[in-house]
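Enquirer: Got a structure here, written out as structure tokens. Questions coming.
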Amino acid sequence: MHAHADTHLDQSITGRFKYAIILTAVTLVAELAGGLWTNSLALLSDAAHVFLDLFALLLSLGAIKLASYPVSDTRTFGLHRMEVFASFINGSTVFLIAGIICYEAVIRFVHPEEVKSLEMLIIAFIGLVMNLISAGALHAHSHDDLNVHSAFLHVIGDAAASVGVIIGGIIMYFTNWYLLDALISVGIGFIIFWGSWRVIREAVHILLEGVPRGIEVEKVSASILEIEGVEEVHHVNIWTICSHILALSGHVVVPPTFKGDHGGILRRIEERLFERYHISHTTLQLETSRCTDIEGAKQFRHRPRAASLAHAHAHPHHHPHGSCQGHHHHDHTH
Numbered sequence: 001m002h003a004h005a006d007t008h009l010d011q012s013i014t015g016r017f018k019y020a021i022i023l024t025a026v027t028l029v030a031e032l033a034g035g036l037w038t039n040s041l042a043l044l045s046d047a048a049h050v051f052l053d054l055f056a057l058l059l060s061l062g063a064i065k066l067a068s069y070p071v072s073d074t075r076t077f078g079l080h081r082m083e084v085f086a087s088f089i090n091g092s093t094v095f096l097i098a099g100i101i102c103y104e105a106v107i108r109f110v111h112p113e114e115v116k117s118l119e120m121l122i123i124a125f126i127g128l129v130m131n132l133i134s135a136g137a138l139h140a141h142s143h144d145d146l147n148v149h150s151a152f153l154h155v156i157g158d159a160a161a162s163v164g165v166i167i168g169g170i171i172m173y174f175t176n177w178y179l180l181d182a183l184i185s186v187g188i189g190f191i192i193f194w195g196s197w198r199v200i201r202e203a204v205h206i207l208l209e210g211v212p213r214g215i216e217v218e219k220v221s222a223s224i225l226e227i228e229g230v231e232e233v234h235h236v237n238i239w240t241i242c243s244h245i246l247a248l249s250g251h252v253v254v255p256p257t258f259k260g261d262h263g264g265i266l267r268r269i270e271e272r273l274f275e276r277y278h279i280s281h282t283t284l285q286l287e288t289s290r291c292t293d294i295e296g297a298k299q300f301r302h303r304p305r306a307a308s309l310a311h312a313h314a315h316p317h318h319h320p321h322g323s324c325q326g327h328h329h330h331d332h333t334h
């Protein structure tokens with residue numbers, strides 16, 4: 001049932017992306033030609049932003065396709081992370097182009113150039129209409145999918161830029177104050193900087209296995225402790241596979257005196273995690289006593305280096321590793 005719903009959702013997102021791609025391509029051609037014709041840096045800056053919108057949309061559509069591929073023995077999480085990589089590339093390229101726009105604007109401050117303001121105004125208005133239609137197509141899925149959200153930010157930012165170009169075109173038409181063209185370009189550059197920084201920050205947070213935004217490990221642990229039979233929870237890790245798949249691993253202590261069904265405890269934990277936090281991938285280890293005295297998340301141990309292994313073989317030591325040896329445990333993945 002969930003698989004059918006996910007397939008329908010992906011088809012819906014894909015259709016909206018294709019629709020937005022066509023509109024964005026038309027806008028790009030119109031603004032690029034119009035910018036060269038009218039000698040407007042603001043319009044060319046908006047065209048550059050539209051090009052990146054198109055780049056973002058194509059990357060996002062490709063990421064959805066790659067994420068649909070099944071898991072394999074070499075990629076046990078499939079290709080879902082491609083969505084996050086696409087978002088990171090989108091944000092990074094937009095950040096770079098914003099710097100180029102601001103650089104060109106500084107040159108125009110020093111050497112203002114005449115602009116065909118009426119023609120610029122008409123083309124910018126066409127671009128605004130196209131962007132608003134694209135934004136409307138993407139808005140429905142922009143709150144629960146990072147990839148759609150990043151593409152939506154591109155389109156909204158460009159729509160805002162088009163509004164600025166229209167206002168500038170009106171003012172320049174009546175005043176011939178062509179320095180305003182460069183000022184608008186700087187404004188577009190800062191819009192791009194802000195939107196791209198947010199996308200980069202979120203993508204990097206996911207790639208660094210950060211706890212998902214809006215989720216607190218302590219509250220999640222407390223929710224698990226509410227389940228009957230659970231005495232303690234520790235070594236909890238929560239991370240994001242992609243924007244709509246959250247994962248959790250942890251150790252759950254069930255006292256030896258508990259006579260209930262251990263499998264039932266796991267099912268109830270999984271149901272609660274999904275209902276309250278939308279965590280759909282869980283790996284839980286059941287124990288009859290705490291396996292360590294260390295509080296908080298479990299510390300990772302690096303794989304021994306070749307030199308360390310040679311030293312260990314030459315001078316063997318017999319000591320426990322501090323992991324969960326000697327305790328009953330049960331791994332369960334949902």
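1 is the number of the first residue of the sequence shown in the UniProt record's numbering; add one for each residue after it.
Positions of the beta carbon are idealized from the N, C-alpha and C atoms, including for glycine.
By DSSP's criteria, Val186 is part of a beta bridge. Which residues make up the other side?
Expert: The residue you call residue 186 lines up with position 186 of the sequence shown. Paired residue(s): none; Val186 is not in a bridge.
Enquirer: From Ile21 to His251, what does the alpha carbon distance come to, in whole angstroms?
Expert: The count along the sequence shown starts at 1 and reaches residue 21 at position 21. The count along the sequence shown starts at 1 and reaches residue 251 at position 251. Cα-Cα distance, rounded: 46 Å.
Enquirer: Considering only residues of the UniProt domain "Cation efflux protein cytoplasmic" (212-288), which uninterrupted alpha helix (DSSP H) runs meet the minimum length of 4 residues and lie entirely inside it, listed in chain order?
Expert: 217-225 and 262-277
Enquirer: Between Trp37 and Glu113, which are expected to be in contact by the criterion C-beta below 8 Å, what is the C-beta distance as a whole number of angstroms?
Expert: On the sequence shown, position 37 is the one that residue 37 refers to. On the sequence shown, position 113 is the one that residue 113 refers to. Rounded, the Cβ-Cβ distance is 13 Å, inconsistent with contact.
Enquirer: Pick out whichever of Lys116, Val230 and Glu209 has its Cα sitting closest to the Cα of Lys259.
Expert: Start at 1 with the first residue of the sequence shown, and residue 259 comes out as number 259. Considering only alpha carbons, the answer is Val230.
Enquirer: In angstroms, rounded to a whole number, what distance separates the CA positions of Val129 and His278?
Expert: As a working note, residue 129 is residue 129 in the sequence shown. As a working note, residue 278 is residue 278 in the sequence shown. Each residue's Cα considered, the two are about 36 Å apart.
Enquirer: Quick one: residues in its chain with C-beta nearer than 6 Å to the C-beta of Gly189, no 5 flanking neighbours on either side, listed in chain order?
Expert: For the purposes of this step, residue 189 is taken as residue 189 along the sequence shown, with counting starting at 1. Around Gly189: Ala98, Ile101 and Cys102.
Enquirer: Throw me the rounded Cβ distance for the Leu266 and Leu284 pair, which I believe falls under 8 Å.
Expert: What you label residue 266 is simply residue 266 of the sequence shown in a count that begins at 1. What you label residue 284 is simply residue 284 of the sequence shown in a count that begins at 1. Sure, about 6 Å apart at Cβ, within 8 Å.
Enquirer: Three or more C-beta pairs under 8 Å: does that hold for the stretch 153-171 against the stretch 39-59?
Expert: yes
Enquirer: Can you list, in chain order, the residues of its chain with a C-beta nearer than 6 Å to that of Leu44? Leave out the 5 residues immediately preceding and following it.
Expert: For this step, residue 44 is matched to residue 44 along the sequence shown. Cβ within range, chain order: Gly35.
Enquirer: Would the beta-carbon of residue 337 fall within 9 Å of that of Gly127?
Expert: Residue 337 cannot be examined here, being either before or after the span of the chain that is shown, 1 to 334.
Enquirer: Here's the rule: buried if 16 or more other CB atoms are within 10 angstroms of the residue's CB, otherwise exposed. What is Ser162?
Expert: To locate residue 162, count along the sequence shown from 1; it is residue 162. So Ser162 ends up on the buried side.
Enquirer: Using CA atoms only, rank isn't needed, just tell me which of Leu96, Ala159, Leu183 and Gly264 is closest to Glu228.
Expert: In the sequence shown, residue 228 corresponds to position 228, counting from 1. The shortest Cα separation from Glu228 among Leu96, Ala159, Leu183 and Gly264 belongs to Gly264.
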